[in-house]
Each structure stands twice: as structure tokens, then as C-alpha cells.
Amino acid sequence: LEEIPKVRAEAGFPPLITPLSQIIGTQAILNVLTGKRWSVVPDEMKSYVKGLYGRPPGPVAEDIQKKVLEDEKPIDCRPADLLPDFYDVASQEIGDLAVCSKDVLSYCLFPQATRSFLESKRGIRESTFSSPELAEEDKEPQMDLGRIREVIKLMENSNLAEMIVEEGDLRITLRKSPGSPGTREGSQVREAERGEKKVPLGEEELQKVISPMVGTFYRTSAAEQPPFVEVGDIIEVGQPLCMVEAMKLMNEIISDIEGEVVEICVEDGQPVEYGQVLFWIRPL
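With UniProt numbering, you'll find the sequence shown wraps up at 284, consecutive numbering, no jumps.
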């Protein structure tokens, strides 16, 4: 909360209304999560600083403007004058996936997310979107917890070492173990299995690139563009590696080391968690 007014002041005091409030809030969150202020800047913030959302009410801090835009300059005209007639191009790019003008307009606004959604809707790819109907279908059957507690009490007061409880499609096996060391060991084994292969085999010297936020991973800046990097590419400090979309804002993930891309850990268009490994890099 302390970071939000700082970012707003540096950005020229934009009104905190949608979408500017979201842009300011997201930048503040990224500043806090990364620990490096303005090291990760969403494309929307770059567009705002450039003037594509209109002229800011106040001047943008000079050091922030230089850091965000680098060698670019803010525009000195009406933003709408720079917009190309993109509808026909978008209609050709999305092709038969679009069955109406709404699909094409959605693609104009959110190209990668719309393509993923329409491919899921048409059954071309496995869906990463949820709906109440699908959620109801996918809901796992649950067993009455009260009944499970009764069974546990029964085992505690008996000489039974093992008991199997079945209810519908569910089957639970309960085993008695003094002090429940088996449970703890089993939990530790599962934790070890989940943590296994943190680093590709035999590559302990690799550096990882992690996601600074929860969002959707994209290897390209647009559906028809080539990936930012491929396995085997030699990358430089400051080179874009991918995009992570969060709250409809596209965030460019930049490399902070020079090296070779050894592994790309996430498929294009898949959701990622905060701190999830995106790439393994061999430093040079």
C-alpha cells in the first residue's frame, strides 16, 4: 500500500480509475515482489508512459521515463491517430476459429488469450478455462468427514492394524502406526518426490528464471510472432525471454544473466504460479 502512491507520483498522478488504477497497482505489486523497483514493467505501463493512454496529468519522473522507454520518446499527437485499421488483418490471423465479429474483436484486444480460449472451445487444445458446468463435472467425490473420524476412533480403541472404508467410488485405507511415523515419512517422501528434478540431471551449475507473479505464460509477443527464445539460444542481459499475462496486463520477463537456454519448463499458453521455474540457463 505504501508503494502505490509512490508509483502514482512517479507516473504523473494519473486518476485511479480503470484501467489506470490497475496499471498503477500492478506496477506497485511488481516493484514489491521483485525487490527491484521498475525492473519489471508491463507493456501497458510502457504504453502509458509513452502517452498512448493520453497525456498524463503531471510530468512523469525523468528517471522513470528513461528507464521504461529507454531510447523511445513519448508521442506528441493524439493516440488514436496512430491506430492502424487492424480488423481485417486480425480476421485473417484468427481464421476459422472466429465465427462472429465478437470473436474477431476479442482477438484484436487480447490476441493470445482469445486464441487459446477459442482453441479450447473448439476442442483443438486442452482447456485451461473453467466454467460452472465443467467445475461441477470435474468435482471429485467426497466422503463424509464425520464418518472418517468415527472410523479413526474405532481403530484407536481396537487391536485393528488396518481398515478399509469404501463409499461409492471412494476407497480409503487406514493403517495404525505407533506415533504415526509412517504418515510423516510418507509425507516427506511425497515432498521429496515433488521437489525432485529441481535442476536438470547433471546440470547443477544452471541458473533458473522464475515467474515473478501468477499468470499465463506466453513464449511470443503475439500469436503470429516467433518465440522470444529457443533451447540452445545464447541470451544477453536484458534480453526478453517470455511474457506473463496477469490481470490482462502483459509483463515482459527479462534475463538478468548472460548464458545458454538449456530448458524451457512451461508450454506456451499455460498458467504459471509465483516462483515457478520458467527457464534453466547455463551462465557463460
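Where a beta carbon is used, it is the ideal one built from N, C-alpha and C, also for glycine.
Where residue i falls: helix, strand or coil (DSSP)
i	result
Gln188	The pLDDT assigned to Gln188 is 42, lower than 50, so where the model puts this residue is not dependable; a value taken from the coordinates is nonetheless given after this. Here Gln188 sits in helix by DSSP.
Thr34	helix
Phe110	coil
Arg282	strand
Ala135	For Ala135, the predicted structure reports a pLDDT of 49, less than 50, and the residue's modelled location is therefore unreliable. A value from the coordinates is still provided. Residue state, collapsed to three classes: helix.
Thr26	helix
Glu224	coil
Leu249	strand
Ile254	strand
Ile17	coil
Ile235	strand
Ser180	Bear in mind that the predicted position of Ser180 carries a pLDDT of just 44, short of 50, making it unreliable; the figure below should be weighed with that in mind. Three-state DSSP puts Ser180 in coil, outside helix and strand.
Residue range of the beta strand (DSSP E) that includes residue i
i	result
Val262	259 to 264
Val244	240 to 246
Val209	207 to 210
When the options are compared against residue i, the one with the closest alpha-carbon
i	options	result
Val266	Asp85, Ser106, Ser211, Asp43	Ser211
Lys66	Val244, Val41, Phe217	Val41
Val272	Val209, Pro5, Ile234, Pro283	Val209
Gly95	Ile75, Glu72, Arg122	Arg122
Ser39	Val7, Glu205, Asp81, Gln225	Val7
Gly12	Asp81, Met250, Gly51	Gly51
Leu21	Tyr48, Gly232, Met213	It is Ser, not Leu, that sits at residue 21 in the sequence shown. Per the Cα distances, Tyr48.
Glu10	Glu44, Val32, Gly215, Pro56	Pro56
Arg78	Gly54, Asn251, Gln270	Gly54
Gly58	Phe110, Pro15, Glu252, Ala80	Pro15
Lys73	Asp85, Pro226, Lys46, Ala28	Lys46
Pro111	Glu230, Ile281, Tyr218	Tyr218
Leu1	Asp71, Ile29, Ile23	Ile29
Gln225	Leu249, Ala98, Glu93, Asp71	Glu93
Distance between beta carbons of residue j and residue i, contact taken as under 8 Å
i	j	result
Ile4	Gly25	6 Å
Ile264	Phe279	6 Å
residue 344	Ser255	The requested residue 344 does not occur in the structure, where the chain is confined to residues 1 to 284.
Enclosing alpha helix (DSSP H) for residue i [first to last residue]
i	result
Tyr218	Run containing Tyr218: none in the alpha helix (DSSP H); it sits in the beta strand (DSSP E), 215 to 218.
Glu10	3 to 10
Ignoring anything shorter than 3 residues, give me the beta strand (DSSP E) runs that lie fully in the segment 42 to 110, in order along the chain. List check, beta strand (DSSP E) in window: nothing returned.
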